[in-house]
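Numbering (the UniProt record's numbering), first residue to last: 1 to 253. Glycine included, every Cβ here is placed at the ideal spot set by N, Cα and C. Here the structure comes first, spelled out in structure tokens, and everything after it is commentary.
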Amino acid sequence: MRKSSDPVGVTVGEADVAFIAALVGEPSRARVLMALADGRALSASALATEAGVSRQTASAHLAKLVRGALITAEAAGRQRYYRLAGPNVADLVEALARLAPAESVRSLRQGSKARALRAGRTCYDHLAGRLGVAITDALIARDALVPIGRDPHAKLGAGPVASNPYHLGPASDDIFDRLGISLAEVRVVKSRRPLLRFCVDWSEQQPHLAGRLGAVLATTLIDNGWVMRRHQHRAVTLTDRGVAGLTAIGYIP
Numbered sequence: 001m002r003k004s005s006d007p008v009g010v011t012v013g014e015a016d017v018a019f020i021a022a023l024v025g026e027p028s029r030a031r032v033l034m035a036l037a038d039g040r041a042l043s044a045s046a047l048a049t050e051a052g053v054s055r056q057t058a059s060a061h062l063a064k065l066v067r068g069a070l071i072t073a074e075a076a077g078r079q080r081y082y083r084l085a086g087p088n089v090a091d092l093v094e095a096l097a098r099l100a101p102a103e104s105v106r107s108l109r110q111g112s113k114a115r116a117l118r119a120g121r122t123c124y125d126h127l128a129g130r131l132g133v134a135i136t137d138a139l140i141a142r143d144a145l146v147p148i149g150r151d152p153h154a155k156l157g158a159g160p161v162a163s164n165p166y167h168l169g170p171a172s173d174d175i176f177d178r179l180g181i182s183l184a185e186v187r188v189v190k191s192r193r194p195l196l197r198f199c200v201d202w203s204e205q206q207p208h209l210a211g212r213l214g215a216v217l218a219t220t221l222i223d224n225g226w227v228m229r230r231h232q233h234r235a236v237t238l239t240d241r242g243v244a245g246l247t248a249i250g251y252i253p
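The structure is reproduced here in structure tokens:
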């Protein structure tokens with residue numbers, strides 16, 4: 001019997017996981033997706049550099065990723081810029097990164113970049129790495145976030161984690177106000193995206209704050225000069241102003 005959601009006369013089979021796996025599994029395309037994991041749009045030439053291939057080869061890979069609906073392309077003058085197709089693709093990249101072994105470091109530049117990404121980075125539109133995890137830990141320690149039905153002192157490990165294992169706590173309005181965020185304003189924004197969501201960080205194997213509030217937090221800290229983007233990749237660093245402000249809410253580097 002045909003399901004009502006199926007197109008008329010068409011039998012819909014199982015999800016073609018192998019199709020996506022083949023797209024992501026090619027090393028150059030995987031590096032492109034990792035480079036785009038902070039949600040920003042990058043040019044074809046920049047992505048060719050990130051992937052370590054020629055511009056012509058990169059264009060072929062980008063075309064396949066566009067056809068596979070993993071990235072989108074947009075024109076800006078004579079340039080074309082590419083970005084991830086959405087947060088679900090960022091979740092896919094992050095999940096694969098948690099399972100993947102570390103690459104061998106073959107150059108000083110590669111080693112420096114790897115250390116910078118582990119120290120702090122953006123994961124689509126929220127903060128990750130040691131910085132993102134440490135900020136999340138501080139929010140939990142100050143009761144801005146409180147656990148849902150579990151020991152508040154238990155650490156979340158690398159196993160399966162609910163996407164929202166915490167909810168806003170009694171100190172949330174005060175703590176987020178100190179960070180320059182009005183929770184009342186964030187709450188009234190209509191969005192299908194959950195207010196709170198948590199990702200297990202691929203480098204730290206601990207949760208960091210995502211969702212709408214995680215995105216607002218990252219944007220606010222960057223706009224206020226507490227966190228600074230590095231120019232050439234998605235690594236971020238904490239400024240002196242950021243250290244002072246976050247230390248006041250219990251941040252421990």
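Own chain, CB closer than 6 Å to A73, minus 5 neighbours either side, in chain order | Numbered from 1 along the sequence shown, position 73 holds the residue referred to as residue 73. Excluding sequence neighbours, A73 sits near V66, R80, Y82.
Output the distance between the C-alpha atoms of A95 and G245, rounded to the nearest integer angstrom.
-> In the sequence shown, the residue the question calls residue 95 occupies position 95. In the sequence shown, the residue the question calls residue 245 occupies position 245. Taking the straight line from one Cα to the other gives about 31 Å.
Which same chain residues, not among the five before or five after D16, have their C-beta less than 7 Å away from its C-beta?
-> Here residue 16 is taken as the residue at index 16 of the sequence shown, counted from 1. There are no such residues.
Going straight from the alpha carbon of L84 to that of A248, what length do you get?
-> The sequence position of residue 84 within the sequence shown is 84, counting from 1. The sequence position of residue 248 within the sequence shown is 248, counting from 1. Answer to the nearest angstrom: the Cα atoms are 35 Å apart.
Can you list the alpha helix (DSSP H) stretches of 4 or more residues lying completely in the UniProt domain "HTH arsR-type" (9-104), in chain order?
-> 17-25, 27-35, 44-51, 55-67, 87-99
Residue(s) in a DSSP beta bridge with P165 = Within the sequence shown, residue 165 is the residue found at index 165, counting from 1. Partner(s): none; P165 has no beta bridge.
Between the Cα of I222 and those of G132, F198, R55, spot the shortest distance and give me the residue it belongs to.
-> In the sequence shown, counting from the first residue as 1, residue 222 sits at position 222. The option with the nearest alpha carbon to I222 is G132.
How big is the Cα-Cα spacing for G86 and I20?
-> Translated into positions along the sequence shown, residue 86 becomes position 86. Translated into positions along the sequence shown, residue 20 becomes position 20. Between G86 and I20, the C-alpha separation is close to 15 Å.
Between A235 and A116, which are expected to be in contact by the criterion C-beta below 8 Å, what is the C-beta distance as a whole number of angstroms?
-> As a position in the sequence shown, residue 235 is number 235, starting the count at 1. As a position in the sequence shown, residue 116 is number 116, starting the count at 1. Confirmed, about 4 Å.
Integer Cβ distance of L139 from I175, believed to fall under 8 Å = The residue labelled residue 139 in the question sits at position 139 within the sequence shown. The residue labelled residue 175 in the question sits at position 175 within the sequence shown. With 8 Å as the limit, L139 and I175 qualify as a contact, their Cβ atoms being about 7 Å apart.
DSSP on R197, reduced to helix/strand/coil?
-> The residue given as residue 197 occupies position 197 in the sequence shown. Looking at R197 - three-state DSSP - the assignment turns out to be strand.
Do the region 97-115 and the region 211-220 meet, that is, are 3 or more Cβ pairs less than 8 Å apart?
-> no
Identify whether V189 lies in helix, strand or coil by the three-state DSSP scheme.
-> Sequence index remark: in the sequence shown, residue 189 carries index 189 (1-based). Coil, per DSSP.
Identified DSSP bridge partners for R121 | Numbered from 1 along the sequence shown, position 121 holds the residue referred to as residue 121. Note: R121 sits in a beta bridge opposite A128, A235.
In the DSSP assignment, what residue or residues form a beta bridge with L209?
-> Counted from its first residue, the sequence shown places residue 209 at position 209. F198, per the DSSP bridge assignment.
Can you tell me the Cα-Cα spacing of R241 and I135, whole angstroms?
-> To locate residue 241, count along the sequence shown from 1; it is residue 241. To locate residue 135, count along the sequence shown from 1; it is residue 135. When rounded, the distance between both Cα atoms is 15 Å.
Which residues bound the alpha helix (DSSP H) around L246?
-> By one-based count along the sequence shown, residue 246 stands at place 246. Run containing L246: 240-247, per the alpha helix (DSSP H) assignment.
Start and end of the alpha helix (DSSP H) containing R178?
-> The residue labelled residue 178 in the question sits at position 178 within the sequence shown. First-last of the alpha helix (DSSP H) with R178: 172-178.
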